[in-house]
Each structure stands twice: as C-alpha cells, then as structure tokens.
Amino acid sequence: MENVIQLENFYFAYKRSDLVLRDIDLNIKKGSFTVIAGPSGAGKTTLCKAMTGIVPYYMGGRYSGDVKVLGESTKGKKVSDIAMRVGFIMEDYESQLVSLTAGEEVAFSLLNHGFAPAEVAERTRKALEDVGLPGRESYQLDELSGGQRQRLLLASVLAVHPEIIVLDEPVSAMDPDGAISLYKLVYDIHRRYGTTIVVVEHRTDYLLPYATDMIVLKEGAVVAADKFELAAPAMYADEVLRPLLPSLWQVKLGLEERFGVKLGDWRNEKDALADLKAQGFERRAD
Amino acid sequence: MDDKQKNIPQLIEIEPMQDGYRWVAITAMLLAIGIILHTVSPNVGGVTPNWTIAMYSIVINLTNPKLSQAIGIGFIAGLTLVPSSKSAFPLGNIASELTGATVCCVLVKAMLSVGLENWKLRPFVTGLMATMASGGVFTFILKIVLNLPLSVWIYAMLPVVATVGVLNGLITYLMYAPVRKLFYVQEDKD
C-alpha cells in the first residue's frame, strides 16, 4: 500500500530541550486510520507537528533525518502549502479559529490561496454540511458551542480537500458523548472521501472501532508502528503502556496470556461477547 | 554511555521560519497594549511610566530584530504617541522613540554578542537605557523648541527622565518573563 507520510531516521529537539523524537522510522499508509498513542511527554504532539511541516522548519530546533509528505520532503516547504494537502487540528483548537463568523472561518484558507469566490462559497457550504452545521455560514463563533466550534474547525480543514487529516487529542476537552460523536464524524469523512486520518489520543477506547493502524511512542522513540492488532500486543507487553490500550484489548490480551487461547479482533463489546461465547467462556452470575 | 545517547547522528540546527512574521505580531500586540496603558495611567507626582517604551523594549529583547526593524518599531511607536501627546511638540515623540528603539536594539545585540543572553537584568538595563535615550532626546527637543536654559534641561528634566527610566526598567524586567512565556510557550515543551 502506498505511503502518504514517511519519517526516515528522524531526530528532533526544540531549541532549548533535549531530544524529543529519537530515530523515528515509520510510514503512514494511504487511506489508513492511524492512532498515535503513548504516555505524556512521549513526543506525540511533536510527531504530529513533524507530519505537518511545523517541525522542524517552522518552529526551528535541531534535527536529523527527513519527513516526506505525499512523496515530497517537507524541507523548504511553507506550512501553508503543506496545509492544503495535510489538515491539522491542534489540541488547543480554539487557537486555530481566526474569524468572526463560521462562513468566514471556513473560507479563510481558501481565500488566502486564491480560490474563486464562487468556489469558496460552494466549498464552504459543502464543508459545513459535511460536519453537521448546514446553513450556519452567518453564525458568529460565540453563537456556537465548544463541540460545534470543533466541528467548524474540521469543516475549515475539509474545505481545502486535504488528502490527510492529523488530529492532536481533538476530544481532550469534550465529554464522552461529544467525543464519540466527533470520532464518528471523522470516521464518516474517512470512509466517504478516503481521507487518511492520523489521531493522537490517549483514551484509545474511543478509536477502537475505527483504528486500522497504531503507532506507539515512549520517551520519544517508536515502540511499535504496525497494524492495530499487531501493535497492541507490543503495547500490552509494556506495563507503562498497557493502561493506554483500549479496555477491551487489555481484557482480550490478558485472557490470551492467562489461558493460552487466541481470541479475535475485538472492535466492540458485541464482538467480544460473541468471541468469548464461541471460545467457551461462559458468563457466571457470581 | 546511556543507550539513548548512543548513535545519535549530528543534528542540524535550524532557525525558525515563523520568526519572519512573529516579531510583527508581537510588536503590534504589545504596542497596542502600551497605548491603552499610556492612556489610562495616572500621573503620580509628575511622573508617569512610558508604557510604549517598556513594550518595545520587551519586543526587542524577545525578538532581537535587525537594526532596520528596530528603527521601524521605534517609528511606529513614536507615531502612536503623537495623537495623545500633551507636550509642546508632539512630533518630538517620533525622533525620541526612534532613538530609544535604536539604543535598545544596539544594547541587546551587544549583550547577546558577549554571552549575556540569559542575564536576568538584561530587560531592566535595556528598558532603563532606552527610556534614558528616548527621554533625553525628547526633552532636549523641548528645550530647543521652548528655548529653555540648559540648566533647566539638566537639573529639572533629566532627573525626571531618570526616574521614569527606572520605572520603565522595572516594568520591562517584570513583564519580560510572562510575555516570553506567552509567546514562546510551545518551544520548550512537547
């Protein structure tokens, strides 16, 4: 499968910090839904910034190796140009909102890149519709709830038709219902447009139904970068990383370890119950 | 040797591209804050801190602009002071702030070149000296415009300039760290 992002022996340190990323060698496959997991300070956010060209060239620092996005090195590229192909939603998403109304917000990057007014209007309308905010072009940002503002930001990313969307802990300030709803929307976009999705998330339970691949980071280095079902056991083997696995997979891998059985690829409770029943695990009232 | 330190290749140091525009944004924001504070600050015993000078001193300490950029900062700072100036010669602000920003920039560059990058008193000293230079030029222009005796300038005006200079130095010193944290928060953390 074609790789849309490649990091080759990439090392990075901010100007006044120790190494934040060490010898990162990984590929993001086209059309994948990749989860980046790891404890705080593992380098997840910096890895996202590297994938969007913000690190090292925009922020500065010390680096070695190369990052290629859609086959081209990010070296010498403007972040605004990379943003036309790789959308980025930061953890502090409010800091990315720059306009007064929802319509202006979605149109901002399109107008900056010289799109014709008619196309801007059409793309704005479609993007707002895609995120469940149809007809809200004239809404002031303070008329939208936190969740709606996050959807608006997703719309402004979608409007430029990026091939990749990188999201850095997008639901960290949301309640569980809001988080589930946002990830459903992201998955819907992924499925409808074939957009490659990269998400940093420490509550991986939310992403279990959707994740195709997983990158596990610890202390700036890659512990595992593979298909989700292959990376999860590597995460389980490390006691520090184990609690970051989806709860269902902690149970599954625990059962496999304890009883020496091979269980299926659980993506939700229904899968788990069916598989346990098939394997002869019975529910006990006590 | 620690395993993590082994086989780390030679790292390439790279200056941030963002600084191409960041200094403009920081200057605009701080000068705007300076104008507001300049407008609302009360006059205590004939002395008012010159917030505008303190703000551009912070900007110059933070961004270490080129001399031409510092002259631009000084010019804009001077222009912002002209409309609200109550002095006998408002346009004198342009000459005085051009001087203040230039002195501040030269001092910052000199300190950085001798390794005083992390000297805690750098904002105080540069804020004080910028104010002294700016105030000295401004009051000297006033002396000429109003045809005042030299002794009035030396014994009445310069002591006030020095007092304001110390005040501004303190403001620059106290505000430098929080402002730096605000604008450069992303640099040192993951």
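Just so you know, the sequences run in chain order A and B.
Residue numbers for the first sequence follow this note's numbering, so the first one is 65 and each next one is one higher.
Residue numbers for the second sequence follow this note's numbering, so the first one is 10 and each next one is one higher.
Quick reminder that beta carbons are idealized off the backbone N, C-alpha and C, glycines included.
Since this is a predicted model, take the numbers as computed values, not measurements.
For chain B, is any of its Cβ atoms less than 9 angstroms away from the one on residue i?
i        : result
Lys132/A : no
Leu222/A : no
Ser163/A : no
Val143/A : yes
Tyr274/A : no
Leu257/A : Before going further, note that residue 257/A is Tyr rather than Leu in the sequence given. No, Tyr257/A does not count as interfacial toward chain B.
Val243/A : Strictly speaking, residue 243/A in this sequence is Ala, with Val absent from that position. Cβ-Cβ to chain B under 9 angstroms: no for Ala243/A.
Arg86/A  : yes
Lys79/A  : yes
Tyr157/A : no
Leu208/A : no
Asn73/A  : yes
Leu83/A  : yes
Is residue i close to chain A, meaning its C-beta is less than 9 angstroms from at least one C-beta of that chain?
i        : result
Ile21/B  : yes
Met166/B : no
Ile42/B  : no
Pro1/B   : Nothing in the structure corresponds to residue 1/B, since chain B is present only between 10 and 199.
Asp199/B : Because Asp199/B carries a pLDDT of 41, less than 50, the predicted location of this residue cannot be relied on, and the following value inherits that uncertainty. Answer yes: the Cβ-Cβ gap between Asp199/B and chain A drops below 9 angstroms somewhere.
Ile17/B  : yes
Pro25/B  : yes
Do you know offhand how far residue i's Cα is from residue j's?
i        : j        : result
Ala41/B  : Ile88/A  : 43 angstroms
Ala338/A : Ser220/A : 41 angstroms
Leu130/B : Ala63/B  : 14 angstroms
Asp277/A : Ile118/A : 23 angstroms
Phe98/B  : Val169/B : 18 angstroms
Tyr65/B  : Pro18/B  : 40 angstroms
Thr259/A : Ile103/B : 54 angstroms
Gln212/A : Leu197/A : 8 angstroms
Glu72/A  : Leu90/A  : 7 angstroms
Gly101/B : Tyr164/B : 20 angstroms
Ala223/A : Tyr300/A : 38 angstroms
Gly210/A : Lys248/A : 17 angstroms
Asp269/A : Ala275/A : 10 angstroms
Glu321/A : Asp241/A : 33 angstroms
Trp128/B : Ser50/B  : 30 angstroms
Gly107/A : Ala101/A : 10 angstroms
Glu158/A : Leu218/A : 12 angstroms
Ala152/B : Tyr121/A : Correcting the residue type first, residue 152/B is Lys in the shown sequence and not Ala. The alpha-carbon atoms of Lys152/B and Tyr121/A are separated by roughly 51 angstroms.
Ser173/A : Ala185/A : 12 angstroms
Glu333/A : Ile244/A : 15 angstroms
Val146/B : Pro132/B : 21 angstroms
Leu76/B  : Tyr182/B : 22 angstroms
Leu116/B : Glu283/A : 40 angstroms
Cys113/B : Ala171/B : 16 angstroms
Lys139/A : Lys93/A  : 21 angstroms
Leu281/A : Val287/A : 6 angstroms
Lys118/B : Ala34/B  : 21 angstroms
Met141/B : Ile21/B  : 41 angstroms
Leu85/A  : Gly105/A : 10 angstroms
On the CB-based measure, 16 or more other CB atoms within 10 Å of its CB, does residue i come out buried or exposed?
i        : result
Asn59/B  : buried
Lys198/B : Note that Lys198/B scores a pLDDT of 44, beneath 50, so its modelled location is shaky and nothing firm can be said.
Ala171/A : buried
Ala289/A : buried
Met10/B  : Model confidence at Met10/B stands at a pLDDT of 46, short of 50, so the residue's coordinates are unreliable; what they give is reported in the following sentence. By the neighbour-count rule (16 or more Cβ atoms within 10 Å), Met10/B is not buried but exposed.
Asn156/B : exposed
Phe149/B : buried
Ala336/A : buried
Gly324/A : exposed
Gly318/A : exposed
Pro92/B  : exposed
Asn70/B  : buried
Lys265/A : Note on residue identity: the sequence assigns Glu, not Lys, to residue 265/A. Burial call: buried.
Ile153/A : buried
Gln187/B : Per the sequence shown, the amino acid found at residue 187/B is Pro instead of Gln. Exposed, since its Cβ has fewer than 16 Cβ neighbours within 10 Å.
Thr175/A : The amino acid at residue 175/A is misidentified as Thr; the sequence shows Leu. The residue is exposed, with fewer than 16 neighbouring Cβ atoms inside 10 Å.
Would a check of beta-carbon distances place residue i closer than 9 angstroms to chain D?
i        : result
Leu217/A : The displayed structure is made up of protein chains A and B, and chain D is not among them.
Following a CB-centred definition, is residue i positioned closer than 8 angstroms to any heavy atom of the ligand FMN?
i        : result
Gly144/B : This structure lacks the ligand FMN, and indeed carries no ligand of any kind.
*For the stretch 120-140 of chain B, which residues have a CB atom closer than 8 angstroms to at least one CB atom of chain A, in sequence order?*
none
_Short-range partners of chain B found in the stretch 106-139 of chain A, where Cβ spacing is below 7 angstroms_ = Gly107, Thr109, Thr110, Pro120, Tyr121, Tyr122, Met123, Gly124, Gly125, Arg126, Tyr127 and Ser128
*Inter-stretch contact at 8 angstroms, needing at least 3 Cβ pairs: the stretch 170-187 of chain A / the stretch 230-240 of chain A*: no
*Report yes or no: do three or more beta-carbon pairs, one from the stretch 69-77 of chain A and one from the stretch 124-131 of chain A, lie closer than 8 angstroms?*
yes
*Cβ contact check for the stretch 244-258 of chain A and the stretch 295-310 of chain A: 3 or more pairs under 8 angstroms*: no
*Per the contact definition of three or more C-beta pairs closer than 8 angstroms, is the stretch 176-184 of chain B in contact with the stretch 136-154 of chain B?*
yes
*Would you list, in chain order, the members of the stretch 82-115 of chain B that have their beta-carbon closer than 7 angstroms to a beta-carbon of chain A?*
none
*Decide if the stretch 102-122 of chain B is in contact with the stretch 80-90 of chain B; the criterion is three or more beta carbon pairs, one per stretch, under 8 angstroms apart.*
yes
*Counting pairs of beta carbons, one from the stretch 150-160 of chain B and one from the stretch 33-51 of chain B, are three or more of them closer than 8 angstroms?*
no
*May I ask you to verify whether the stretch 191-205 of chain A touches the stretch 151-167 of chain A, counting CB pairs closer than 8 angstroms and requiring at least 3?*
yes
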